[in-house]
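**Q**
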Amino acid sequence: MSNTTEKSSSEYDEKTIDELCDIFTQQDPALVRDFVKCLFTPAELKDIANRWLLVKEIDKGTTQREIAKKFSMSLCKITRGSKELNKPDSAFRKILDAQKEQSN
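Read left to right, the sequence shown gives residues 22 to 125 (the working numbering).
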């Protein structure tokens, strides 16, 4: 089969990510929680949870060094989260703001 007729790995990745996003948004939250626990290993779940935790901590004004010390995280990972949070049109910012709106 030629390369022009095969889909690239990144096309499959994007399609699969879209499918997962649909699952996360269109199913019962309890089912999604069980699905996520089946999909990821405990270590992967911890890493994902920590990444979201560090974004919330940055948003609160906690310094990167404080986060690194408090949660035993690398400054590299924290810096990446900070850069993503501060990008124009950041999905992190939009989600954080939506959560704040919901809690008011």
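Backbone N, C-alpha and C define an ideal beta-carbon position, used for all residues, glycine too.
How long is the line joining the alpha carbons of K108 and K115, rounded to whole angstroms?
**A** Cα to Cα, the separation comes out at about 11 Å.
**Q** So, helix, strand or coil for D110, using DSSP?
**A** If DSSP states are grouped into helix, strand and coil, D110 belongs with coil.
**Q** Report, in whole angstroms, the separation of the C-beta atoms of F92 and L75, which I expect to be a contact under 8 Å.
**A** About 7 Å separates the two Cβ atoms, so the contact holds.
**Q** Touch check for the stretch 65-75 and the stretch 98-105: three-plus C-beta pairs under 8 Å?
**A** The stretch 65-75, when compared against the stretch 98-105, does touch it at the 8 Å Cβ threshold.
**Q** DSSP three-state call for N125: helix, strand or coil?
**A** Note: N125 maps to coil in three-state DSSP.
**Q** Helix, strand or coil, according to DSSP, for T100 in the structure here?
**A** In this structure, T100 counts as helix in the three-state DSSP scheme.
**Q** For S29, report the span of its alpha helix (DSSP H) as first-last.
**A** Run containing S29: none; DSSP gives neither H nor E here.
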